[in-house]
Each structure stands twice: as C-alpha cells, then as structure tokens.
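Trainee: Have a look at this one before I ask anything.
In the working numbering, the protein residues as written are 110 to 299.
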C-alpha cells in the first residue's frame, strides 16, 4: 500500500502549509503544556474562537463539508492532511471538534433548511459551540441503555433524565441530546 500523497494531495498539503505558515506560528518544541487555570482556559477559548473564524474564512474549518455549508467539499484524506499540517503549529483546539464533527453534520442531514441557516455558520465560525449529551449514570456511553425520556407535548418535547460526562459542556451554547422516545420497544429502537 502506498501512503505517499497523490499529486493532488501534495498540492493541497503545500497550499495548507503555506496558509498555516502565513497565519500561525510553528510550535516551539521546547515548550511543554502546563495545567490550565480557569483564567488561561478562558483566554484559550477567546484565542480558539479567533482561530476558528480565521480557518472558516479560508475554508479550512470543515474540509469535508459541502460548499453550501461553508466547507471545501473535500475528501477525508484532505481533512487528515490539513490536521497533520496544523498539528505543527501553535494553534488552540479542543472546543469545536464535537460540534463540527458530530452535531452539525447530523443537523445538516436531518434538520430543516431554516435550522441549518440559523445554526451551521455560527458553529463553523466558532461563534457558537456544541456538545453531545449521550452518557448517563447507569449506562455510561452505551446508548442502548439510556433512560432519559422525551415525550411530545403539543409543539414541544419534554425531556426527563440525567446526563453526565459531557465534554466541554461548560463552554457550549447548544447540545444534541439522545433520549428514549418509546420505552415499550426494544432498546435499539426506542
């Protein structure tokens, strides 16, 4: 198996590296990451939002997303290439991966156009942060064992239950929650 870049991939890598070199500082290998205080965490969030907006403006924030949603319409390999190149630079991360990797793609597939128009771009540009609400005390991350219920009440859903271990929830503006809507059917269907 050949793991070398194709000519197209090499071109993309060179373009990404050139953009990164113009917009970020290379990592200093002599620096070691230290513990993060609440103050430095807040500062890192501000810096991360600025970096996310810059990446989105250049088209690098969601490489595999369709162009209609601000992506490049690129391949998974291009996304890996960009990540490889970005890892060489001192840029903040860790705030947007769940939202841009799971929540917003789910929305792009299942939400209405109006919902996508409202939520996709702010997430892409780092203006709003998303999390996923899966894990529960009695089930961990085993979705088949979840107990949180949702019931339709007119035009709204009423949710009852408990979620735990929601990574980054204290930074998030929105979340996608997994609930059980029909407790009378087998676990993987309700």
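Heads up, the beta-carbon is just placed ideally off N, CA and C, and yes, glycines get one too.
Quantities reported herein were computed from a predicted structural model and do not represent experimental measurements.
(1) I'd like the span of the beta strand (DSSP E) that includes residue 193, first residue to last.
(2) By Cβ distance below 6 Å, which residues in the same chain neighbour residue 267 in space, the five residues on each side in sequence not counted?
(3) Assuming contact is defined by CB atoms lying nearer than 8 Å, are residue 198 and residue 135 in contact in what I supplied?
(4) So what's residue 226 in DSSP terms, helix, strand or just coil?
(5) Quick one: which unbroken alpha helix (DSSP H) runs of 4-plus residues sit fully inside the segment 210-258? Chain order, please.
(6) Apart from the five residues just before and just after residue 191, which ones in its own chain have a Cβ nearer than 7 Å to its Cβ?
(7) Classify residue 219: buried if its beta carbon has 16 or more other beta carbons within 10 angstroms, exposed otherwise.
(8) Report the residue ranges of all alpha helix (DSSP H) runs contained in full by the segment 147-171; include only those spanning at least 4 residues, in chain order.
(9) Identify which residue in 273, 181 and 153 has its Cα closest to the Cα of residue 248.
Mentor: A quick look at the data gives this:
(1) Against the chain shown, residue 193 aligns to sequence position 84. It is not in any beta strand (DSSP E) - residue 193 instead sits in the alpha helix (DSSP H) that spans 185-195.
(2) In the chain shown, the residue the question calls residue 267 occupies position 158. Answer for residue 267: 260, listed in chain order.
(3) The residue labelled residue 198 in the question sits at position 89 within the chain shown. The residue labelled residue 135 in the question sits at position 26 within the chain shown. Taking 8 Å as the Cβ cut-off, residue 198 and residue 135 qualify as a contacting pair.
(4) One-based indexing of the chain shown puts residue 226 at position 117. If DSSP states are grouped into helix, strand and coil, residue 226 belongs with the helices.
(5) 213-219 and 222-233
(6) To locate residue 191, count along the chain shown from 1; it is residue 82. Here the set comprises 125, 169 and 172.
(7) Residue 219 sits at position 110 when you count from the first residue of the chain shown. Answer is exposed; the Cβ neighbour count stays below 16.
(8) 147-167
(9) The sequence position of residue 248 within the chain shown is 139, counting from 1. Taking only the C-alpha atoms, the option nearest residue 248 is 273.
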